[in-house]
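With positions in the sequence shown counted from 1, the corresponding number in this note's numbering is that position plus 46.
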Amino acid sequence: MKWSQALKDFKLYLKIERGLSTNSISSYGLDVEKLITYLELNEINETPLIIQKETIQQFIYDFAKTVNARTQSRMISGLRSFFNYLIFEDYRTDNPLELIESPKIGRKLPDTLSLEDINKLINAIDLSKPEGERNRAILETLYSCGLRVSELTNLKISDLFFDEGFIKVTGKGDKQRFVPIVDSTQKFINCYKNEVRNHLSIQKGHEDTLFLNRRGKQLTRAMIFTIIKQLAVKIDLNKIISPHTFRHSFATHLLENGADLRTIQLMLGHESITTTEIYMHVDKSHLKNVLQTFHPRK
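Right, dumping it as structure tokens:
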């Protein structure tokens, strides 16, 4: 079996059998592609069915010289999944990464923005330009609903249930959830939708997409990153931020104001509450407040 066919079948398996999102499938594929590139550059003619543990070890050793421990660990996990798939399909009987340990990494606490930072970023948007209304609606939605960037770019007009006070969000693995949306964010979305979006020449296939570029097509993830980074430079924000920073800030601020982890988990779309628990490490004062409020002998 050639690498190209094995990778194609692996991606299909991730999509059909495991129901992973397009972004997750792409990440797994990139891990395998890095190994393929390494083999080609070093003229190593080992197929997926016969590649040895020693070859994998040397690849990881060389790869580790250029990346941090977190990236290395994620790549090892991706390759391990690929070879587990080959075992699952009876192409191999062993996993060459079985005895290869991932580097130990500390738990990375998410970066957050203060409410003042968020207000400064939004106030820095130039509303005299047509994209200004759109960008304001984007930042308001990211923060007030805690969306992932892919969830934001894929948001549809038909997903807006403003009368009920919710939006329908399609998350990882195409799992859907309903997230509450505050009146002020509804107002900004409606303002963009009615005053800017309605005047665009919308391309076929994007009629239901909420946030569009000036050519009437769905915004890319990269464009959202660019918008946010340009605003950060504009206000001289001394932090490296991304769309995910707004999601982290959303969860942290809810926790600081008394929301429980289970509620935050549901709104973020975390499959396991363990993922949500990282926000307890960001704001330990919440633990003290809970004890003082609910303990019978406080």
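Backbone N, C-alpha and C fix where the C-beta goes; we use that ideal spot for every residue, glycine too. The model shown is predicted, which means the values in this text are computed figures rather than measured ones.
Bridge-paired residues (DSSP) for residue i
| i | result |
| --- | --- |
| Leu206 | Ile213 |
| Gln264 | Leu258 |
Beta-carbon proximity list for residue i, same chain, < 8 Å, skipping 5 on both sides
| i | result |
| --- | --- |
| Lys166 | Ile281, Leu283 |
| Glu241 | Glu179 |
| Tyr107 | none |
| Gln118 | Ile106, Phe109, Ala110, Ser148, Pro149 |
| Asn236 | Phe208 |
| Thr139 | Ile133 |
| Thr87 | Correcting the residue identity first, residue 87 is Leu in this sequence and not Thr. There are no such residues. |
| Val113 | Met121 |
Beta-carbon contacts of residue i that lie in its chain and below 7 Å, excluding the five residues immediately before and after
| i | result |
| --- | --- |
| Ile141 | According to the sequence provided, residue 141 is Asn. The question's Ile does not apply to it. For Asn141, where only same-chain residues beyond five positions count, the Cβ hits under 7 Å are Arg126, Phe129, Asn130, Ile133. |
| Gly75 | Leu53, Lys57 |
| Ile90 | Thr101 |
| Ser176 | The sequence as given places Pro at residue 176; Ser does not occur at that position. These residues qualify, in order along the chain: Val242. |
| Asn181 | Ile171, Ile273 |
Proximity below 8 Å, CB of residue i to CB of residue j
| i | j | result |
| --- | --- | --- |
| Leu188 | Leu173 | no |
| Ile213 | Ile227 | yes |
| Ile287 | Ile270 | no |
| Glu186 | Ile171 | no |
| Arg37 | Leu81 | The chain is shown from 47 up to 344; residue 37 falls before or after that span and cannot be answered. |
| Asp220 | Ser67 | yes |
| Thr322 | His316 | yes |
| Leu85 | Tyr137 | no |
| Ala183 | Phe109 | no |
| His252 | Lys263 | yes |
| Ile146 | Gln103 | yes |
| Leu256 | Leu201 | yes |
| Leu258 | Arg243 | yes |
| Ser123 | Ser160 | no |
| Ile71 | Leu53 | no |
| Ser190 | Thr231 | yes |
| Thr320 | Thr158 | no |
| Thr45 | Met47 | Because the chain spans 47 through 344 in this model, residue 45 falls outside it and cannot be assessed. |
| Arg293 | Leu206 | no |
| Ala249 | Arg261 | Before going on, a small fix: residue 249 reads as Gln here, not Ala. The answer is yes: Cβ separation under 8 Å. |
| Asp55 | Met121 | no |
| Ile164 | Ser295 | yes |
Backbone secondary structure at residue i - three-state DSSP
| i | result |
| --- | --- |
| Asp108 | helix |
| Glu147 | coil |
| Thr27 | Residue 27 lies beyond the residue range present for the chain, which begins at 47 and ends at 344; the question has no answer from this structure. |
| Pro142 | coil |
| Asp136 | coil |
| Glu32 | Nothing about residue 32 can be reported from this structure: the residues present for the chain run from 47 to 344 only. |
| Glu288 | According to the sequence shown, residue 288 is Ser rather than Glu. Of the three classes helix, strand and coil, the one that applies to Ser288 here is coil, per DSSP. |
| Arg312 | For the record, residue 312 in the displayed sequence is Leu; it is not Arg. Three-state result, Leu312: helix. |
| Thr272 | helix |
| Met47 | coil |
| Gly304 | coil |
| Arg293 | helix |
| Ile184 | helix |
| Thr117 | helix |
| Thr158 | coil |
| Ala52 | helix |
| Ala170 | coil |
| Ile281 | coil |
| Gly192 | coil |
| Leu201 | coil |
8 Å Cβ cutoff, residue i in contact with chain C
| i | result |
| --- | --- |
| Gln249 | The structure shown contains no chain C, having only a single protein chain. |
Close-in-space but distant-in-sequence residues of the same chain around residue i (CB under 6 Å, 5 per side omitted)
| i | result |
| --- | --- |
| Val195 | Arg267, Ile270, Pro289 |
| Ala278 | Ile287 |
| Asp254 | Lys202, Ile203, Ser204 |
| Gly65 | Gly219 |
>> So within the stretch 209 to 262, which uninterrupted alpha helix (DSSP H) runs reach at least 4 residues, ignoring any that extend past its ends?
In response: Listed in chain order, the complete alpha helix (DSSP H) runs (minimum 4 residues) inside the stretch 209 to 262 are 229 to 241.
> Enumerated in chain order, which unbroken segments of the alpha helix (DSSP H) with a length of 4 residues or greater are wholly contained in the stretch 57 to 101?
Replying inline: 68 to 87
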